[in-house]
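Take a look at the structure below.
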Amino acid sequence: MNIKSIVLAAALTTTVGCVSSPSGIAPSFVDPQGYASLTCEELIAEKGSATQELAGLSDKQDSARARATAYNFLLIVGSGALVKDRSDEIGSTKGSLAAIDANLIRRCSSTG
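Going left to right, the sequence shown walks through residues 33 to 144 as our numbering numbers them.
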């Protein structure tokens with residue numbers, strides 16, 4: 033293998049089948065009105081649940097990212113794309129947290 037082939041393989045390995053870092057995933061829009069009927073206590077509980085869900089999804093995403101990198105390096109370039117990417121779920125959960133926070137700030141500022 034010549035140097036160009038090695039560089040090309042390395043570049044493909046890092047770009048093909050990438051699983052996003054959880055911190056790099058933007059929140060999806062979730063309408064805050066969906067939480068408007070909840071009490072402040074319910075919003076706080078919902079925020080706790082969503083925070084736990086996000087932590088679990090982030091752990092799974094980090095593991096998937098490590099597996100994808102390993103697959104790309106150890107198996108075939110691009111095989112990391114076979115790993116489950118949870119970007120949509122993480123974005124949705126982040127969006128839910130933003131919607132919950134908006135309600136907490138607007139309606140429950142002394143408890144949120």
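Idealized CB from N, CA, C, for every residue including glycine.
Fill in: Three-way DSSP call (helix, strand, coil) for residue 132 in this model
helix
Item to complete: Measure the beta-carbon distance from residue 132 to residue 75 and round it to whole angstroms, keeping in mind my assumption that it falls under 8 Å.
Response: 6 Å
Worksheet entry | Cβ contact check for the segment 63-74 and the segment 93-108: 3 or more pairs under 8 Å | no
Worksheet item: What first and last residue would you give for the alpha helix (DSSP H) that runs through residue 92?
Response: In the DSSP assignment, residue 92 falls within the unbroken alpha helix (DSSP H) covering 72-106.
Worksheet item: Tell me which same chain residues have a C-beta within less than 7 Å of the C-beta of residue 82, skipping the five on either side of it?
Response: 125, 128, 129, 132
Discussion item. If distances are taken between C-alpha atoms only, which option among 138, 77, 64, 122 comes closest to residue 88?
Written reply: 122
Worksheet item: Which class does residue 139 belong to by DSSP, given the choice of helix, strand or coil?
Response: Helix at residue 139.
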